[in-house]
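> Protein chains in written order, with the working numbering: chain A, 1 to 88; chain B, 89 to 265; chain C, 266 to 428; chain D, 429 to 527.
The C-beta atom is built at its ideal place from N, Cα and C for all residues, glycine as well.
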């Protein structure tokens with residue numbers, strides 16, 4: 001069963017690589033922001049999966065909740081900034 | 089064995105994000121890539137079992153750091169946020185990977201992760217664990233080490249942070265007041 | 266019809282306290298009292314502003330509405346999956362403006378959220394009651410223009426839409 | 429129970445892969461945000477639901493469900509904030525008249 005979760009972890013890490021391509025390559029700034037949102041969604045899931053592997057879900061879920069809320073704050077800061085600044 | 093596969097993958101992601109910061113042409117994109125780098129780094133910390141470090145890295149690195157960098161960019165003129173880097177020197181391009189390989193070779197001689205016979209686990213840790221409550225009457229060992237055995241260290245650290253705060257307040261105050 | 270301040274305050278406190286119970290996981294007297302006091306304080310700070318989306322928020326009917334929304338999420342993701350995996354990528358993006366008759370601010374927030382979650386549409390801008398919606402193809406816009414979702418939300422917030 | 433959990437996780441991974449392909453294939457920011465907000469949300473819901481089922485009934489399941497509800501509520505908000513910024517910054521989406 002642990003092997004299955006490790007397989008899941010590796011698959012999700014490769015998915016992060018795809019979003020990282022979008023962050024680096026993205027033609028506009030907003031593509032990069034979307035890539036960052038995708039990466040943080042994967043990071044939230046990875047946190048819970050790691051908790052399942054270690055059998056300490058209650059601790060790792062707190063990290064995931066923190067990620068989710070920070071992700072929201074960061075996305076709002078970026079969006080506000082870009083709205084006032086315009087595209088570079 | 090299987091555990092190290094995943095840590096290798098996560099470290100690869102950290103490396104990719106770190107090198108991508110040097111490839112982009114504008115500061116804003118490097119801020120975003122730096123944010124994703126912090127996410128990966130805190131995943132690595134969580135995978136190694138250091139959950140508190142992971143939490144601090146996520147909060148300060150990915151959340152607060154990104155916002156602070158953006159606030160700084162907000163006060164920067166658009167022409168200053170473009171980057172024109174000279175090409176890296178040849179000695180760095182050749183020498184740094186060699187140095188990395190040397191460090192990796194040296195890392196083989198380090199004791200295993202959580203090895204009970206490694207020097208710190210034989211000499212220092214049992215002393216702290218056995219005597220800390222009798223010495224300091226503090227139930228938490230980490231607190232007693234930080235606040236009692238290394239009190240001067242912590243005090244000077246606090247002084248450094250306080251000085252940095254005063255410097256920031258002096259630099260950022262309103263000119264008129 | 267409109268609940269009074271104490272009733273709304275108690276509802277908000279109970280909603281916050283249940284979240285606290287799930288997140289804390291410690292059920293001795295000390296922690297329970299501390300959590301209850303904290304949720305009372307947050308609810309007291311956030312109740313009674315007519316501009317807040319949580320003013321007169323109907324918690325129970327929103328929970329009843331969510332299974333329908335979940336089915337829509339599944340449907341929309343399947344639709345988008347078919348579009349993405351199709352080799353010829355048959356998308357026809359359009360921008361639609363849409364006027365809603367809902368008055369409650371919470372209802373408008375929920376409508377924007379639901380529009381984003383339903384097949385192939387995503388809210389671009391909300392200005393008062395006017396929504397600017399980006400639709401990825403023609404079948405996607407149908408659900409919004411028939412007003413099906415707005416009728417559901419009008420039932421949730423007990424408002425009259427026939428005007 | 430465990431079989432159901434593994435099935436849900438595999439379905440979720442399928443949707444996550446589709447969302448990643450979508451971010452690579454779709455032409456502009458507005459279409460890509462569909463993939464990021466919708467398909468990604470459903471994939472995350474399925475994977476987290478499978479993990480919650482694997483935990484069995486208890487406090488851990490409830491905690492994972494809290495993260496799940498947060499994701500459902502916050503993912504569309506993030507996508508909306510991003511593309512509203514894109515729209516106000518002057519980007520125009522591709523429409524079917526000028527492909």
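#1: I'd like to know if residue 14(A) contacts chain B, where contact means its C-beta is closer than 9 angstroms to some C-beta of that chain.
#2: Since residue 386(C) is in the beta strand (DSSP E), which residue starts that stretch and which ends it?
#3: Mind pulling the chain A residues with CB within less than 9 angstroms of residue 388(D)?
#4: Taking the C-alpha atoms as reference points, what is the distance between residue 45(A) and residue 64(A)?
#5: Counting only the same chain and skipping the five closest in sequence on each side, list residues whose C-beta sits under 8 angstroms from that of residue 129(B).
#6: Going along chain D in order, which residues have a C-beta closer than 7 angstroms to the C-beta of residue 389(C)?
#7: Applying a beta-carbon distance threshold of less than 8 angstroms, which residues of chain D neighbour residue 43(A)?
#8: May I ask you to check if the CB of residue 26(A) is nearer than 8 angstroms to at least one heavy atom of the ligand ZN?
#9: So residue 81(A) packs on residue 162(B), CB below 8 angstroms; how close in whole Å?
#10: Can you list, in chain order, the residues of the region 116 to 140 of chain B whose Cβ is nearer than 7 angstroms to any Cβ on chain A?
#11: Does the Cβ of residue 78(A) have 16 or more other Cβ atoms within 10 Å, making it buried, or fewer, making it exposed?
#12: The beta strand (DSSP E) spanning residue 363(C) covers which residue range?
#13: Kindly list, in the order they appear in chain B, the residues whose Cβ is closer than 9 angstroms to that of residue 57(A).
#14: Counting along the chain, where does the alpha helix (DSSP H) carrying residue 161(B) start and finish?
#15: Quick one: residues in its chain with C-beta nearer than 7 angstroms to the C-beta of residue 158(B), no 5 flanking neighbours on either side, listed in chain order?
#16: Run down chain B in chain order and give the residues with a C-beta less than 7 angstroms from the C-beta of residue 50(A).
#17: If I'm right that residue 342(C) touches residue 470(D) with Cβ under 8 angstroms, what's the distance once you round it to whole angstroms?
#18: Can you tell me the Cβ-Cβ gap for residue 94(B) and residue 10(A), rounded? I've got them flagged as a contact below 8 angstroms.
#19: Residue 463(D) and residue 349(C) look like a contact to me (Cβ under 8 angstroms); what is the Cβ gap, rounded to whole Å?
#20: Beta-carbon separation of residue 106(B) and residue 23(A) under 9 angstroms?
#21: If you drop the 5 nearest sequence neighbours on each side, which residues of the same chain put their C-beta closer than 8 angstroms to that of residue 498(D)?
#22: Taking only beta-carbon positions, decide if residue 323(C) is within less than 9 angstroms of chain E.
#23: Is there at least one Cβ from chain A nearer than 9 angstroms to residue 230(B)'s Cβ?
#24: To the nearest angstrom, report how far apart residue 84(A) and residue 517(D) are at their CA atoms.
#25: So for residue 517(D), helix, strand or coil by DSSP?
#26: Can you tell me whether DSSP reads residue 370(C) as helix, strand or coil?
#27: Do residue 501(D) and residue 392(C) have their C-beta atoms closer together than 9 angstroms?
#28: Give a yes or no on whether the C-beta atoms belonging to residue 364(C) and residue 396(C) are separated by under 9 angstroms.
#29: List the whole-angstrom C-beta distance separating residue 384(D) from residue 389(C), where the pair is believed to meet the contact cut-off of C-beta under 8 angstroms.
#30: If we call anything under 9 angstroms between Cβ atoms a contact, is residue 437(D) one with residue 478(D)?
#31: Using a beta-carbon distance below 9 angstroms, is residue 60(A) in contact with chain B?
#32: Answer yes or no: do residue 75(A) and residue 48(A) have a C-beta to C-beta separation smaller than 9 angstroms?
#33: Report the partner residues of residue 400(C) according to the DSSP bridge assignment.
#34: Got a sec: is the Cβ-Cβ distance from residue 431(D) to anything in chain A below 9 angstroms?
#35: Tell me which residues share the same chain as residue 504(D) and place their Cβ nearer than 8 angstroms to its Cβ, disregarding the 5 neighbours each side in the sequence.
#36: Any beta carbon of chain B sitting closer than 9 angstroms to that of residue 17(A)?
Answer, in terms of the structure:
#1: Against the first chain, residue 14(A) aligns to sequence position 14. Answer yes: the Cβ-Cβ gap between residue 14(A) and chain B drops below 9 angstroms somewhere.
#2: Along the third chain, read from residue 1 onward, the residue named residue 386(C) stands at position 121. Run containing residue 386(C): 386 to 392, per the beta strand (DSSP E) assignment.
#3: This structure gives no information on residue 388(D), because the portion of chain D shown stretches from 429 to 527.
#4: Taking the first residue of the first chain as 1, we reach residue 45(A) at position 45. Taking the first residue of the first chain as 1, we reach residue 64(A) at position 64. Cα to Cα, residue 45(A) sits roughly 8 angstroms from residue 64(A).
#5: Reading the second chain from its first residue, position 41 is the one you call residue 129(B). Only 102, 145 and 149 meet the Cβ criterion.
#6: Start at 1 with the first residue of the third chain, and residue 389(C) comes out as number 124. Those are 511, 512 and 515, listed as they occur along chain D.
#7: The residue labelled residue 43(A) in the question sits at position 43 within the first chain. Correct list: empty, because the minimum Cβ distance to chain D is about 11 angstroms.
#8: Looking at this structure, you won't find the ligand ZN or any other ligand, since it has none at all.
#9: Residue 81(A) sits at position 81 when you count from the first residue of the first chain. Residue 162(B) sits at position 74 when you count from the first residue of the second chain. Their Cβ separation, rounded to whole angstroms, is 6 angstroms, which keeps residue 81(A) and residue 162(B) in contact under 8 angstroms.
#10: 116, 117, 120, 121, 123, 124, 127, 131, 134, 135 and 139
#11: Your numbering for residue 78(A) matches position 78 in the first chain. That one is buried.
#12: Translated into positions along the third chain, residue 363(C) becomes position 98. Its beta strand (DSSP E) spans residues 359 to 364.
#13: Translated into the one-based positions of the first chain, residue 57(A) becomes position 57. Going along chain B, no residue has its Cβ under 9 angstroms from residue 57(A), so there is no contact; the nearest lies around 12 angstroms.
#14: Position 73 of the second chain, counted from the first residue, corresponds to residue 161(B). Taken as a continuous stretch (DSSP letters only), the alpha helix (DSSP H) holding residue 161(B) covers 153 to 162.
#15: As a first step, residue 158(B) must be located in the second chain, where it is residue number 70. Cβ within range, chain order: 119.
#16: By one-based count along the first chain, residue 50(A) stands at place 50. Neighbours of residue 50(A) on chain B, chain order: 134 and 135.
#17: Position 77 of the third chain, counted from the start, is the residue given in the question as residue 342(C). Position 42 of the fourth chain, counted from the start, is the residue given in the question as residue 470(D). Indeed, because the Cβ distance is near 4 angstroms, the residues count as touching under 8 angstroms.
#18: Position 6 of the second chain, counted from the first residue, corresponds to residue 94(B). Position 10 of the first chain, counted from the first residue, corresponds to residue 10(A). Cβ-Cβ separation between residue 94(B) and residue 10(A): approximately 6 angstroms, consistent with a contact (criterion under 8 angstroms).
#19: Taking the first residue of the fourth chain as position 1, residue 463(D) is located at position 35. Taking the first residue of the third chain as position 1, residue 349(C) is located at position 84. 7 angstroms between Cβ atoms; contact.
#20: The residue you call residue 106(B) lines up with position 18 of the second chain. The residue you call residue 23(A) lines up with position 23 of the first chain. Cβ atoms of residue 106(B) and residue 23(A): not closer than 9 angstroms.
#21: Position 70 of the fourth chain holds residue 498(D). Closer than 8 angstroms at the Cβ level, and outside the excluded window around residue 498(D), lies no residue.
#22: The structure shown has no chain E; the protein chains it does contain are A, B, C and D.
#23: Sequence index remark: in the second chain, residue 230(B) carries index 142 (1-based). Taking Cβ atoms only, chain A never reaches closer than 9 angstroms to residue 230(B), which makes this a no.
#24: Here residue 84(A) corresponds to residue number 84 of the first chain, with the count starting at 1. Here residue 517(D) corresponds to residue number 89 of the fourth chain, with the count starting at 1. If you draw a straight line from the Cα of residue 84(A) to the Cα of residue 517(D), it is about 8 angstroms long.
#25: The sequence position of residue 517(D) within the fourth chain is 89, counting from 1. The answer is coil: DSSP assigns residue 517(D) none of H, G, I, E or B.
#26: By 1-based counting over the third chain, the position of residue 370(C) is 105. DSSP, reduced to helix, strand and coil, places residue 370(C) within a helical segment of the structure shown.
#27: Residue mapping note: residue 501(D) aligns to position 73 of the fourth chain, counting from 1. Residue mapping note: residue 392(C) aligns to position 127 of the third chain, counting from 1. No, the Cβ-Cβ distance between residue 501(D) and residue 392(C) is not below 9 angstroms.
#28: Looking up residue 364(C) in the third chain gives position 99. Looking up residue 396(C) in the third chain gives position 131. Yes, the pair counts as a contact, with Cβ atoms nearer than the cut-off.
#29: In the structure as shown, chain D begins at 429 and stops at 527. Residue 384(D) is therefore absent and cannot be evaluated.
#30: The residue labelled residue 437(D) in the question sits at position 9 within the fourth chain. The residue labelled residue 478(D) in the question sits at position 50 within the fourth chain. Yes. Within cutoff.
#31: Numbered from 1 along the first chain, position 60 holds the residue referred to as residue 60(A). The Cβ of residue 60(A) sits closer than 9 angstroms to at least one Cβ of chain B.
#32: Taking the first chain and counting its residues from 1, one reaches residue 75(A) at position 75. Taking the first chain and counting its residues from 1, one reaches residue 48(A) at position 48. No, the Cβ-Cβ distance between residue 75(A) and residue 48(A) is not below 9 angstroms.
#33: The residue labelled residue 400(C) in the question sits at position 135 within the third chain. Note: residue 400(C) sits in a beta bridge opposite 359(C) and 386(C).
#34: Along the fourth chain, one-based indexing puts residue 431(D) at 3. Judged by the 9 angstroms Cβ criterion, residue 431(D) is not in contact with chain A.
#35: The residue you call residue 504(D) lines up with position 76 of the fourth chain. Result list for residue 504(D): 465 and 469, in chain order.
#36: Stepping through the first chain from its first residue, residue 17(A) is reached at position 17. For residue 17(A), the answer is yes, since a Cβ of chain B falls inside 9 angstroms of its Cβ.
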